[in-house]
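Take the sequence shown: its letter number 167 is residue 178 in our numbering, and every next letter is one higher.
What follows is a single structure, written as structure tokens, with notes after it.
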Amino acid sequence: MRRIALFLLVMMLSACAGQVATEAPPDARQLLAAANTVIRAVTTFRMTVEQSGAEYLIAVDMGIGTTEVAFRRAIAQFVAPDVMEASVRVILMGAPADINLFSRGDNQWFKLGTSDTWLNIQFMPGFNPASLWQDGAGFDRALNGLQNPQFVGAAELEDGTAVYHISGTSTSEDVAALTVGLIATGSDVNVDLYIDRHNNYPRRVVLVQPETVSQEEPEPTTWTIDVDDFNLPAQLNDPEAASASEATPTP
Numbered sequence: 012m013r014r015i016a017l018f019l020l021v022m023m024l025s026a027c028a029g030q031v032a033t034e035a036p037p038d039a040r041q042l043l044a045a046a047n048t049v050i051r052a053v054t055t056f057r058m059t060v061e062q063s064g065a066e067y068l069i070a071v072d073m074g075i076g077t078t079e080v081a082f083r084r085a086i087a088q089f090v091a092p093d094v095m096e097a098s099v100r101v102i103l104m105g106a107p108a109d110i111n112l113f114s115r116g117d118n119q120w121f122k123l124g125t126s127d128t129w130l131n132i133q134f135m136p137g138f139n140p141a142s143l144w145q146d147g148a149g150f151d152r153a154l155n156g157l158q159n160p161q162f163v164g165a166a167e168l169e170d171g172t173a174v175y176h177i178s179g180t181s182t183s184e185d186v187a188a189l190t191v192g193l194i195a196t197g198s199d200v201n202v203d204l205y206i207d208r209h210n211n212y213p214r215r216v217v218l219v220q221p222e223t224v225s226q227e228e229p230e231p232t233t234w235t236i237d238v239d240d241f242n243l244p245a246q247l248n249d250p251e252a253a254s255a256s257e258a259t260p261t262p
């Protein structure tokens, strides 16, 4: 009798193991749709962009004409519907420099890290933070436009966040939509996307430009974009508000 009971127990455990092994993985498209829904509903978030590998140049207007600088890192605070404040580290004329940026809609402000003076100039013509939340642009375009999305598996970020890993490719236009025009690749890029397993927030995007590899630059231009601080109160250094306050006469 014991042998029969043991045999039945082994068979039941084997059946359970077989069910787990054949369980279908999450659908990549459904995960992308869920991530798109939750991120477009937030009112604030922080985005950190790190660039490594082959150098990437961007053209900015620093009040003395357009200048090309090498991008390194940016930390940006976004506030719906159309506000962004960012601190950007670049290489300017061979030396590291910090640039502070502020944008409300199409109105843009700029200042060097060592200066207290904001300049009301278009540092990036066409840039508007509102596009991140709009239908067919920003997150909507980048997430829905991911080509050949594949569910890679479950993973964990350095801070312990449990995520789903999805890979695919994106067009230059979709990358520009996600980065509000900062990154213009000119060709398709390889994408690794990490979505929070508990709340579906897109937490990390890694973009790799394979065409940038050369004999001089063996490592491709790589962008690591981390998104966090969802719906937390934003602390902004608002040059528009300061300018309006200074312009208001004292009674």
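Just so you know, even glycine gets a beta-carbon here, dropped at the ideal spot from N, CA and C.
Per DSSP, the bridge partner or partners of residue i
i       : result
Leu-112 : Ala-97, Phe-121
Arg-84  : Glu-61, Arg-100
Pro-213 : Ile-206
Thr-55  : Val-90
Pro-107 : Ile-102
Gln-161 : Ser-178
Glu-167 : Ala-173
Val-71  : Thr-78
Asp-239 : Arg-57
Thr-232 : Gln-220
Leu-130 : Phe-121
Which of helix, strand or coil DSSP assigns to residue i
i       : result
Asp-38  : coil
Phe-150 : helix
Glu-184 : helix
Thr-223 : helix
Asn-201 : strand
Thr-259 : Caution is warranted here: a pLDDT of 49 is assigned to Thr-259, below 50, making its placement in the model unreliable, and the coordinate value is therefore given only provisionally. If DSSP states are grouped into helix, strand and coil, Thr-259 belongs with coil.
Glu-79  : strand
Ile-194 : coil
Ile-50  : helix
Leu-247 : coil
Asn-155 : helix
Pro-140 : helix
Val-31  : Summary for Val-31: the model assigns pLDDT 49, below 50, so the residue's position carries little reliability; its value from the coordinates is reported in the next sentence. In the structure shown, Val-31 sits in a helix (DSSP, three-state: H, G or I).
Ala-252 : helix
Inter-residue CB distance, residue i and residue j (contact presumed, cutoff 8 Å)
i       : j       : result
His-7   : Tyr-212 : The displayed coordinates of the chain run from 12 to 262. Any statement about residue 7 would go beyond what the structure contains.
Arg-214 : Asp-203 : Contact flag wrong, Cβ pair sits at about 12 Å.
Gly-149 : Leu-189 : 7 Å
Asp-239 : Arg-57  : 6 Å
Leu-123 : Ala-108 : 7 Å
Selected residue, minimal CA-CA separation from residue i, among the options
i       : options                            : result
Val-186 : Arg-115, Thr-77, Asp-199           : Asp-199
Val-71  : Thr-235, Ile-194, Gln-246          : Ile-194
Asn-210 : Thr-182, Ala-173, Ser-181, Leu-143 : Ala-173
Tyr-67  : Trp-120, Arg-100, Leu-123, Leu-157 : Arg-100
Ala-39  : Ala-97, Gln-226, Pro-107, Leu-157  : Leu-157
Val-55  : Glu-227, Met-95, Phe-82, Thr-48    : A quick correction: the sequence has Thr, not Val, at residue 55. Among Glu-227, Met-95, Phe-82, Thr-48, the Cα nearest to that of Thr-55 belongs to Met-95.
Ser-225 : Ile-50, Ala-65, Ala-153, Pro-36    : Ala-65
Pro-231 : Ser-183, Arg-51, Asn-201           : Asn-201
Trp-234 : Phe-82, Ala-52, Met-104            : Phe-82
Leu-112 : Thr-128, Gly-105, Leu-103          : Thr-128
Ile-236 : Gln-145, Pro-229, Val-216          : Val-216
Phe-241 : Val-53, Pro-37, Val-191, Ala-35    : Val-53
Val-191 : Ala-97, Thr-48, Val-49, Ala-35     : Ala-97
Trp-144 : Pro-221, Ile-110, Ser-181, Gly-116 : Gly-116
Ser-142 : Gly-124, Lys-122, Ser-114, Val-163 : Ser-114
Phe-162 : Asn-155, Glu-184, Pro-250, Gly-179 : Gly-179
Gly-152 : Pro-37, Ala-35, Thr-48             : A quick correction: the sequence has Arg, not Gly, at residue 152. The shortest C-alpha separation from Arg-152 is found at Thr-48.
Arg-84  : Asp-249, Ile-102, Thr-77           : Ile-102
Ser-183 : Pro-160, Asn-159, Glu-79, Leu-218  : Leu-218
Pro-140 : Gln-119, Pro-37, Val-80            : Gln-119
Arg-77  : Ile-132, Glu-228, Thr-223          : Position check: residue 77 holds Thr in this sequence, whereas Arg was assumed. The candidate whose alpha carbon is nearest that of Thr-77 is Ile-132.
C-beta neighbour in chain D for residue i, strict 8 Å
i      : result
Thr-54 : Although the question refers to chain D, the structure presented lacks it and comprises just one protein chain.
Any chance the region 166 to 174 sits against the region 136 to 153, with 3 or more Cβ pairs inside 8 Å? With fewer than three CB-CB distances shorter than 8 Å, the region 166 to 174 does not count as touching the region 136 to 153.
Decide if the region 58 to 71 is in contact with the region 35 to 44; the criterion is three or more beta carbon pairs, one per stretch, under 8 Å apart. Proximity of the region 58 to 71 to the region 35 to 44 falls short of the contact definition, fewer than three beta-carbon pairs being nearer than 8 Å.
Flag this pair as touching only if the region 242 to 254 and the region 77 to 95 have three or more C-beta atom pairs under 8 Å; answer yes or no. In this structure the region 242 to 254 touches the region 77 to 95; the number of beta carbon pairs closer than 8 Å is three or more.
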